[in-house]
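Residue numbers (the numbering used here), protein chains in the order written: chain Z, 1 to 176; chain D, 1 to 211.
In this text, a Cβ means the ideal position worked out from N, Cα and C, and glycines have one as well.
Printed below as a string of structure tokens:
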């Protein structure tokens, strides 16, 4: 599974969020810090910051969250969604592989949650990622068109409520 | 002895101020500046400008630079169009806000959202010259060479959670705002530099229309 794990040096994404009928756009930056933790910062185009989260393989930290987003359920959902995409729960114990419809489901339990990485039968391509309980997924994610270890496109779609995040990488953003 | 302490205190304060804004010194007669700034701003009926925005994420040591075009029409209409490295259009007209990103368009009434209303008012005040009289902020004014620097510190809790302070660089020549720096409590900062500015050119109302 490690072969599919993205390596974010620094990547900036044009970001679209649709959540229960509301639409939000902005810029999301993913960066691996010198201490090997991963920071994800989301702000709108004009610079107004929504959140700043830090992820390690066994920890999560909220550096900042905008007051109106500061709700336990919102933060928990975002944390788990990004953990799935960052693939930083791969060291968990109890890992197993399910085979179904000539697909491999690499399964990583994390408490009640299960993180699924679904590949073709020979484990050459990662087709999609899912998160849910043992019986059914609550969200699906894709990461595609990798360049230097970082995906060009990331999509997150929840199946139990209307919530989706779309990320499209911006390549040239730092020069004047 | 008391005098010595007082002088020492003044020196220390002066050093702190110097360190804060190198080259700038605090002006004592801020009221005079306010009057001149407000009077000169009244004479600016329109602004057409390019802008460069830099978002600095201090802890990440990252900078995001974006560019676009800016239009202002007195009393309270602003159009900001980001063209690089993404497309984003924001029009503020009175209490109405229109936003168009790469996928969708959105209309917001600033009145329906207290925070938007405050940000909206703050932004408008920064360009139309009334920022220094806004009771939401306390102001200190510094000067150096051909510019003033107006430092606005928020008073209320809502704005304090968003900004440590907002600094306006004002040209001494025509009292126009050439740069806005928004300092966040986290140490992150957004700077907008206005370049190729044209004042009082005719701007069609259609630029600011929100239908």
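*CB contact flag (residue 234 of chain Z, residue 108 of chain Z, <9 Å)*: One cannot answer for residue 234 of chain Z here, as it falls past the ends of chain Z, which runs 1 to 176.
*Taking Cβ-Cβ distances shorter than 7 Å, what residues in chain Z pair up with residue 85 of chain D?*
170, 172 and 173
*Listed by chain order, chain Z residues near residue 82 of chain D by CB distance under 7 Å*: 45
*Would you tell me roughly how many angstroms separate the C-alpha atoms of residue 168 of chain D and residue 48 of chain D, rounded to the nearest one?*
18 Å
*Which chain Z residues sit within Cβ distance under 9 Å of residue 60 of chain D?*
Within chain Z, the residues near residue 60 of chain D are 10, 29, 31, 33, 39, 41 and 52.
_Output needed for residue 132 of chain Z: all residues of its chain with C-beta closer than 8 Å, excluding positions within five of it in sequence on either side, in chain order._
113, 114, 116, 138 and 139
*asked:* Just to confirm the assignment, what range does the alpha helix (DSSP H) spanning residue 74 of chain Z have?
replied: 72-86
*Taking one C-beta from the region 38-54 of chain D and one from the region 11-25 of chain Z each time, how about it: are there three or more such pairs within less than 8 Å?*
no
*Which listed residue (D/149, D/197, D/211 and D/193) has its alpha carbon closest to that of residue 22 of chain D*: D/149
*When we look at the beta-carbon of residue 104 of chain Z and count the other beta-carbons within 10 Å, is it buried (16 or more) or exposed?*
Under this definition residue 104 of chain Z is a buried residue.
_Interface residues of the region 91-121 of chain D facing chain Z [CB-CB below 7 Å]_ = 101, 102, 103, 104 and 106
*asked:* When you measure from the CB of residue 65 of chain Z to every non-hydrogen atom of the ligand COA, does any distance come out below 8 Å?
replied: With respect to the ligand COA, the structure shown offers nothing to examine, as it has no ligands at all.
*Which residues, in chain order, does the region 42-76 of chain D contribute to contact with chain Z at a C-beta distance below 8 Å?*
52, 53, 55, 57, 59, 60, 62, 63, 64, 65 and 66
*asked:* Can you check whether the C-beta of residue 182 of chain D is within less than 9 Å of a C-beta belonging to chain Z?
replied: So, interface residue.
*If you draw a straight line from the alpha carbon of residue 84 of chain D to that of residue 92 of chain Z, how long is it in whole angstroms?*
42 Å
*asked:* residue 81 of chain D and residue 70 of chain D - do their beta-carbons sit closer together than 9 Å?
replied: yes
*Residue range of the alpha helix (DSSP H) that residue 42 of chain D falls in?*
30-43
*So, using beta-carbon positions, are residue 134 of chain D and residue 122 of chain D closer together than 9 Å?*
yes
_Residue-chain proximity (residue 48 of chain Z, chain D), Cβ-Cβ < 9 Å_ = Residue 48 of chain Z counts as touching chain D.
*Which residues in the same chain as residue 214 of chain D place their Cβ atom closer than 6 Å to its Cβ, once the five residues preceding and following it in sequence are excluded?*
This structure cannot settle anything about residue 214 of chain D, because the visible part of chain D is limited to 1 through 211.
*Residue ranges of each alpha helix (DSSP H) run of no fewer than 4 residues wholly in the region 133-197 of chain D, ordered along the chain?*
Positions of the alpha helix (DSSP H) runs, each at least 4 residues long and wholly inside the region 133-197 of chain D, are given as 157-162 in order along the chain.
*Contacts of residue 188 of chain D in chain Z (Cβ-Cβ under 8 Å)*: 49
*Going by CA-CA distance only, name the one from D/188, D/88, D/161 and D/205 that's closest to residue 118 of chain D.*
D/161
_I'd like to know whether the C-beta of residue 88 of chain D is nearer than 9 Å to at least one C-beta of chain Z._
At least one C-beta of chain Z is nearer than 9 Å to the C-beta of residue 88 of chain D.
*Under a Cβ-count criterion, where at least 16 other Cβ atoms within 10 Å of its own Cβ denotes burial, should residue 111 of chain Z be classed as buried or exposed?*
exposed
*Nearest-angstrom Cα distance between residue 108 of chain D and residue 186 of chain D?*
28 Å
*How should residue 149 of chain Z be labelled, buried or exposed, when 16 other C-beta atoms within 10 angstroms of its C-beta is the threshold for buried?*
exposed
*Inter-residue Cα distance where the pair is residue 9 of chain Z and residue 30 of chain Z*: 8 Å
_Inter-residue spacing [alpha-carbon to alpha-carbon] between residue 27 of chain Z and residue 189 of chain D_ = 15 Å
_Opposing strand residues paired with residue 49 of chain D [DSSP bridges]_ = D/70
_For a test of the three-state rule: what should DSSP assign to residue 7 of chain Z, helix, strand or coil?_
Residue 7 of chain Z sits in coil when the DSSP states are folded into three classes, being neither helix nor strand.
*Could you work out which residue in D/164, D/89 and D/28 is closest to residue 153 of chain D when comparing CA atoms only?*
Of D/164, D/89 and D/28, the residue nearest in Cα terms is D/164.
*Can you tell me whether DSSP reads residue 93 of chain D as helix, strand or coil?*
strand
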